[in-house]
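Just so you know, the protein sequences line up as chains U and A, in that order. Once you know that position 90 of the first sequence is 90 in my numbering, the rest is easy, because the numbers rise by one and skip nothing. Once you know that position 15 of the second sequence is 836 in my numbering, the rest is easy, because the numbers rise by one and skip nothing. Notes to accompany the following structure.
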Amino acid sequence: MSVEESNNPVAPEPQEDIFAEFLDDYFAESDTHLTNARRHLLALESYVDSDTVELGLVEELLRSFHTIKGLSGMVGIREAEALAHEMESYLRALREEKASLSSEGIDALMAATQMLQQAIASRKEQTPPPNIDTIVARIQAILEEQETIPPLTPSPSPSLPPSPPLGEGTGVRALAGMRALAGVRALASEPGGQETIPPSPSLPPSPSLGEGVGGEGFSQGTRGLPVTPSPPPPPNIVFNNAEREKLLAAKGKGNALWHFQFTPNAKLAELGINVNTIRAHLQELGEIIHASPRMLSAGSIVFDFILARESGETATDFDPRAKEIISATGLSYSPFIPGEEGWGPGNQGTRGPGDSQSPLARPRAKALTPIPSPPPEPLPQPLSVMPANVVRVDLARLDELMQTLGELVISRARLEDRLKQLQNSVSEKDLRPLKETNLQMEQQLRSLRTGILRVRLVPISDVFTRIQFAIKDLARSTGKKVKVELVGQDTEIDKFVVERLMDPLLHLVRNAVSHGLETPSLREAKGKPNPGKVVLRAATVGEMAVVEVEDDGKGIDAAEIIAKGEEMGIFSPEAVAGTPNQFESRVGTLLLDILCTSGFSTRTEADLTSGRGVGLAVVRRCVQDLGGSMSLDSQVGVKTKFRIQLPLTLAIADALLATAGGQTFAVPLSAVQEIVEVRPQDITIVPKLSSYYAGGEGLKPNYESRRGLKPNYEPGSGLKPNYKQGEIIYHRGAILPLLRLGTFFNLPASASALCPVFIVGFGDESNRLGIVVDRVIGQREIVVRPLTDELVNVPGISGATDLGDGRVVLILDVAELISWR
Amino acid sequence: MTIHSDQNNDQDSRDYFVLFEVGDTTYGVRALMVQQMEMLESITRVPNTAEFVEGVVFSRGQVIPAINLRSRFGLEKIPYDSRTRLLVIKTEAPLELGRRNADGRLSEGRTVGLIADTAREFVSIPLDAVQKPSEGLLATANCLAGIARLGDRTVLILNMEELLSFHSRQEQSGSLVPSP
């Protein structure tokens, strides 16, 4: 908010906009606090019924709820305010050891946190707020029961940090503050400091005006030696958009930014030095980005100049000639750190803050200058404090950037095509610079893309924490004991994907707890450890992210599922004839197909915690919509493991272009393991290789279940994927099933001596396939466009891309093709 | 985004239509549904689709299916020429509400391209000139939203939902072109 305002100070926004913006901030802020609170509550849980409680956690929780209370009061969400207040009361009692942490207590806190979230969400979604009376009463009861000294002061205790005003708790302001604080602390701890700037003897004593203003934001260190009008407190310089751009450009070029202050007085005026001469001088030194006068309270005036200067080898100092000018004009200067103006996160750490070089200021400069290299690694942070150097960005804005980037990628591809066309008519000499520029652009676009993608990546831990919360809830309502194990919480996944992953994962976890895990008595009878285990695992594998949900429950009974599937007529019995009743990956795929058929449920009636047979179908659909795939592994009596694989990036991908049957297709590079050429005589034909798809008569994996409707190729209305017989080759000592793309898609056959084969797959051998094409065209960066309309939603195609000339190329759905083997 | 035709409540009697021709018949589609009309450029075939799905085209940042109306209406396909037009239609109502809701997804309108022999006219038709095709009038009339009389011409107003769904195909036996 502060950024926006300083950006355009003259045009105040209409009232409601401010409020709307304020609300947005509120939602974002309370979300952060809720996330933290959840994490801390889970940590706090281990102290239940113990004599001591980790006070740090309680403090953190107090801080979160106190902030939420304050903010909710400001935006008028009474329920949230009241809830947060109750929780605060209990936590304060804990802190003051007037109460102990009971398991009812922690349960109540967790339930209240859920409720708090609902209360806030109800405002966001404009639905009626939840009824909080019960939970409030519950907390109060716990308190009354435990407390020996009942009266609770509603006002925050002094040690409680005041709730920060909106928009300041995060973002750049906070950053500047942190940095400043960090800098000061570091100084305190390293009094010797590394003095990087020796007093420069060549610098003549500057006239009285030279009192430095260094150390902006470091008022703690000020040892004022005022001679003439004391330099003003750090000015709040306001940039307009053009200036901002210049500032960015200068920063991008690695130029040093300096803040000059000129205080005119009569003496200087006699010498012919006024603001215009200063301006002229400064222009010799660098580019003036900003200039503005500032009135001081005493009635005098100061001119602020922000100058960008090629840093050269001395980023912290000027050459003698420059110094001469500076000293002759009585300017004071200091490095300018844009972050302080609420402008971008910046990387100003390399320059020491506040090293004014004016002689009078030097003593102080010495004291303050050190830190030549990255700012002091921050204060020992309490493990739970959110890093403050975070800028919140609306995902939609990142999407816009990504879209623009996509268009750029296409434009460049078009440029490259044009260049190729010029090959014959333009001489190589003329063409080369163009080609080089084009190559350079490609690299730049690539790094831009990586950069944007990196911004979009968030750790999956937030989702995991939430799920942990849900599991607690489920465990309570089902009366099961559940131990949750998290692996790879730091795995970073695209924000877009993470958000859409929440629901599918919740579904899977619900299944695991309510269907997977046995009841405590059954577990004991079987000699299994009583708290059942649910493992959430995340990892990055190449260009894919893998998320797994595993439970050590009763496993999936293949025979039962298959029987149920037959009963429901999902597939014909003969299609599965001969299916061994044990779990190998093939059977896993088949089971998953049945389980994911819309309407399939092993329960006859829906219960509260599990869905009505739409669950897994939705999960699979979500995953597929994200361009991912799902697999299942289970052992009766031992475990059930769902595995989700997702591409790390969504919008832009590298792909290989190839033709088959006269048509061009794109194959996502992330799925291609190898390309080999195969002679026709090396291919062995295996009739009906696939045992249960039986030439398309049986269950069609992924396809019907994916859309839950009859396939769009009703008899006569279209063509079936053509896959009547299997072909295999031996490759690297292993059998590799083949799929001829042209045949599969019913395209005109082409005869060629050697056919290129894309070996695609994910992970292990059981998940591999060789796709036979006619010709490989080359690699290309493509912008993935969804192809969702049911008219063109066909097996084996996941999306489309345009090549920039209006032509559309279809993108193969590798995971789906593999399932057709 | 849905704009209903009752926006002019005081007049509430006219609606705007884009007219196009397929075979010898004039069809109309509500102008509000037509995003744009363009010359037909390159079409990419999508394998294993229904025969009336000509393929996909790139239009305004989207890849959309293109339907050959001739084929959809059971006529012979003819080669494209300079008069051939692609009408990009965005349906307003959620299609097949039930199915999509079962998936827990919000359904949005669909964007599809219709390939017509030619399309040139933009007319306003008084609503009272539009007759609902009564049940049983024509076994094949299931993809018509109405039939309008415009001077001495008959305009068949299409029901996009039916036109774009597969389920009607099974019932539909003959061609849609009424005998003159």
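All residues carry an ideal CB built from backbone N, CA and C; glycine is no exception. These numbers were taken from a predicted model, which means no experiment stands behind them.
Which of the three DSSP states, helix, strand or coil, is assigned to residue i?
i       : result
D625(U) : helix
D871(A) : The amino acid at residue 871(A) is misidentified as Asp; the sequence shows Ala. The answer is coil: DSSP assigns A871(A) none of H, G, I, E or B.
D473(U) : helix
C755(U) : strand
A606(U) : Because A606(U) carries a pLDDT of 41, less than 50, the predicted location of this residue cannot be relied on, and no value is offered for it.
L657(U) : strand
K528(U) : coil
E942(A) : strand
F745(U) : coil
K483(U) : strand
V497(U) : helix
P915(A) : Its pLDDT being 49, under 50, P915(A) is placed unreliably by the model, and the measurement read from it follows with that caveat. DSSP places P915(A) in coil when its eight states are reduced to three.
G876(A) : strand
F239(U) : coil
Please list the partners that residue i has in chain A, where partner means a Cβ-to-Cβ separation under 9 Å.
i       : result
V809(U) : T865
R785(U) : F879, G882, Q883 and V884
Q443(U) : None at all; the shortest Cβ gap to chain A is about 26 Å.
Q663(U) : T865, R866 and P868
The alpha helix (DSSP H) with residue i in it runs from where to where?
i       : result
E284(U) : V275 to L285
L890(A) : L890 to R893
A112(U) : S103 to K124
Y901(A) : Element bounds for Y901(A): n/a, residue is neither H nor E.
G406(U) : L395 to L422
I771(U) : Careful: I771(U) lies outside any alpha helix (DSSP H), inside the beta strand (DSSP E) at R768 to V772.
Using a Cβ cut-off of 8 Å, pull out every chain A residue sitting near residue i, in sequence order please.
i       : result
D802(U) : F879 and V884
D789(U) : I885, P886, R931, T932 and V933
P748(U) : Within 8 Å Cβ-Cβ: nothing; P748(U) doesn't reach chain A, min ~11 Å.
F745(U) : P868 and N869
P795(U) : N869
What in chain U is Cβ-close to residue i, meaning under 8 Å?
i       : result
L985(A) : L791
From what residue to what residue does the beta strand (DSSP E) around residue i run?
i        : result
S332(U)  : S332 to P335
Q1030(A) : Missing from the structure shown is residue 1030(A); chain A here goes from 822 to 1001 and no further.
L62(U)   : That residue, L62(U), is in no beta strand (DSSP E); its alpha helix (DSSP H) goes L55 to V75.
S798(U)  : I797 to D802
T932(A)  : T932 to A937
G778(U)  : R775 to V783
G967(A)  : L965 to L971
Should residue i go down as buried or exposed, given a rule of 16 or more other Cβ atoms within 10 Å for buried?
i       : result
G806(U) : exposed
K528(U) : buried
E407(U) : exposed
N530(U) : exposed
F260(U) : buried
M630(U) : buried
M830(U) : Not covered by the structure: residue 830(U). The range shown for chain U is 1 to 821.
S64(U)  : buried
E524(U) : exposed
A887(A) : buried
D774(U) : buried
Y90(U)  : buried
F943(A) : exposed
Sort out for me which residues DSSP pairs residue i with in a bridge.
i       : result
S631(U) : R643(U)
A308(U) : L257(U) and E287(U)
H731(U) : A734(U)
D551(U) : V534(U) and T640(U)
V672(U) : V760(U)
Y848(A) : F841(A) and L977(A)
T540(U) : A545(U)
A666(U) : L657(U) and I811(U)
For residue i, go through chain A and note every residue whose CB falls closer than 7 Å to its CB, in chain order.
i       : result
N421(U) : Per the sequence shown, residue 421(U) should be read as Gln rather than Asn. Here the premise fails: no neighbours, minimum Cβ distance about 17 Å.
Using a C-beta to C-beta distance shorter than 7 Å, which residues of chain U count as neighbours of residue i?
i       : result
T975(A) : Within 7 Å Cβ-Cβ: nothing; T975(A) doesn't reach chain U, min ~28 Å.
Please list, in chain order, the chain D residues whose beta carbon lies closer than 9 Å to that of residue i.
i       : result
L517(U) : The structure shown contains no chain D; its protein chains are U and A.
Report yes if the C-beta of residue i is less than 7 Å from at least one heavy atom of the ligand GDP; otherwise report no.
i       : result
G796(U) : The ligand GDP is absent from the structure shown, which contains no ligands of any kind.
How would you list, in chain order, the residues of chain U whose beta-carbon sits under 9 Å from the beta-carbon of residue i?
i       : result
E862(A) : G806 and R807
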